Amino acid sequence: RKLLLATTAAISTIAMSAPAFADFQDRTIRVSNGINQDHPVGNGIEAMQKCLDEKSGGKLKLQAFWGGALGGDLQATQALRSGVQEAVVTSSSPLVGIVPALGVFDLPFLFANAQEAYTVLDGEFGDMINEKLDAVGLVNLAYWENGFRNLSNSVRPVTKWEDMEGMKVRVMQNNIFLDTFQNLGANATPMAFGEVFSALETKTIDAQENPYVTIDTSKFFEVQKYVTETNHAYTPFLFLFSKAIFNTYSPEEQSALRDCAVVGRDVERKVIGELNKESLKKIEDEGIKFNTLSPEEHKRMLEKSQVVYEKHKDEIGADVVDKVQSILADIRK
Ligand code: TK8
179 RKLLLATTAA ISTIAMSAPA FADFQDRTIR VSNGINQDHP VGNGIEAMQK CLDEKSGGKL
239 KLQAFWGGAL GGDLQATQAL RSGVQEAVVT SSSPLVGIVP ALGVFDLPFL FANAQEAYTV
299 LDGEFGDMIN EKLDAVGLVN LAYWENGFRN LSNSVRPVTK WEDMEGMKVR VMQNNIFLDT
359 FQNLGANATP MAFGEVFSAL ETKTIDAQEN PYVTIDTSKF FEVQKYVTET NHAYTPFLFL
419 FSKAIFNTYS PEEQSALRDC AVVGRDVERK VIGELNKESL KKIEDEGIKF NTLSPEEHKR
479 MLEKSQVVYE KHKDEIGADV VDKVQSILAD IRK
């Protein structure tokens, strides 16, 4: 019995003297964003950090930069590819020049609800897109949510697509969005997110489109008068990591980052779900005139937009478009 006690004591001494979290190094991981900290991405980053603290004993630290402080989506993504920045939470849309298949998410009215988007993004289809990102030096840790996009403007309420006639609408740097809005009669202008507020303020543009939480947290309501629930596209956020840097991390560090990005994703999506209504109420309280489209007008807008699918199918990859449509057809059965 004495021997057993002595042995146990010896073992626990060894266990205690083994360096804790030996597979982890002290690392500061810069994550940039174009949106502000009070956007649900802030909640996601917080949850991801908590998870990393537990898994790495506090060694892996996220250092978030908000409001485009480290450059816009495209610029930050290029910094990842050249290995000078660790991570970015970016919209997929400005990256179609790097990975054309990402354009699939820009197709107008592709997803009917968030659940469809989650099934596609978190499943086999999302993995296929991730392989294409990996091939250009980008590790997508998880699909976070930007969300369903709605139109805001300073000219008039939009109750049918014809109301967009001549409206100067800012779109992301993306040909599919450009064509979608040109086709609806708008005068679409591609622009980086960081320039949108002042362009709206100076009336260089009349309109922009983003989810309610962004219209709220980026304060677009201060320089806009009308918001229309168009739900014309659901765009994801990608939590991208520089592959060049990721490859220098231990397998334990890599899997902690992957797992915790999923924890952060779930929190971020949940908070968007809750905040959407609140954000809409807030912007209305701030004086925004809000309207929805009638089901008939929504349908007309959707049907009018179908030409965009044919026009961009080849450049996205016909196989990619066919695949997402067949998955969606299965879900909708
Ligand atoms: C923020 C962007 C933004 C996007 C856009 O960096 O550009 O309109 O919706 O959220 O990613």
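Going from the sequence shown to this note's numbering is simple: count from 1 and add 178. Just so it is clear, CB atoms sit at the ideal spot from N, CA and C, and this is done for glycine as well. For clarity, every value in this text was computed on a predicted model and none was experimentally measured.
- DSSP places Q241 within a strand segment (E or B) once states are collapsed to three.
- In summary, V266 is buried, with 16 or more beta-carbon neighbours lying within 10 Å of its beta-carbon over all protein chains present.
- One Cα belongs to L230, the other to M345, and the distance between them is close to 46 Å.
- Counting only runs that start and end inside the segment 357-395, the alpha helix (DSSP H) elements of at least 4 residues fall at 374-379, 390-395.
- In terms of Cβ geometry, S271 and N352 form a close pair [threshold 8 Å].
- When the five nearest sequence neighbours on each side are left out, the beta carbons in the same chain lying within less than 8 Å of the beta carbon of A254 are those of S210, L248, Q263, V266, T268, in order along the chain.
- Between the segment 318-331 and the segment 435-453 there are three or more inter-stretch CB-CB distances shorter than 8 Å, so the stretches are counted as touching.
- A200 and K237 have their C-alpha atoms some 10 Å from each other.
- Under DSSP, K346 forms a beta bridge with N365.
- Leaving aside the five residues that flank E475 on each side, the residues in its chain whose CB is nearer than 7 Å to its CB run, in chain order, T337, K338.
- Of the other Cβ atoms in all chains shown, fewer than 16 fall within 10 Å of the Cβ of K467; this residue is therefore exposed.
- Put simply, of K228, T206, F202, D204 the residue whose alpha carbon is nearest the alpha carbon of G442 is K228.
- The three-state secondary structure of F303, taken from DSSP, is helix.
- Listed in chain order, the non-local C-beta contacts of A366 below 6 Å within the same chain comprise V347, V349, L356, F359, Q360, local neighbours out to five positions each way being set aside.
- With fewer than 16 other Cβ atoms inside 10 Å of its own Cβ, K459 counts as exposed.
- Not one heavy atom of ligand 1 sits closer than 7 Å to the Cβ of I383.
- With a cut-off of 7 Å, the C-beta of N352 is classified as distant from ligand 1, since no heavy atom of the ligand falls inside that distance.
- Placement of the Cβ of G249 at a distance of 7 Å or more from every heavy atom of ligand 1 is found.
- Remark: C-beta atoms of E407 and L480 do not approach each other more closely than 8 Å.
- G245 is positioned such that its CB atom lies closer than 8 Å to that of N214.
- A422 and M342 have their C-alpha atoms spaced approximately 44 Å apart.
- At least one heavy atom of ligand 1 sits closer than 7 Å to the Cβ of I213.
- Using a cutoff of 7 Å, the CB of S457 does not count as near ligand 1, since none of the ligand's heavy atoms is closer than that.
- Across the set L273, A295, E340, the C-alpha of E340 shows the shortest separation from the C-alpha of R478.
- DSSP, read as helix, strand or coil, puts P197 in coil.
- Look at R327 here: in three-state DSSP terms it is coil, with no helix or strand label.
- The closest CA to that of Q256, considering only A411, L319, L311, P197, is found on L311.
- Excluding the 5 residues flanking it on each side, S483 has same chain C-beta neighbours closer than 8 Å at P286, F287, T358, N361, L362, H410, in chain order.
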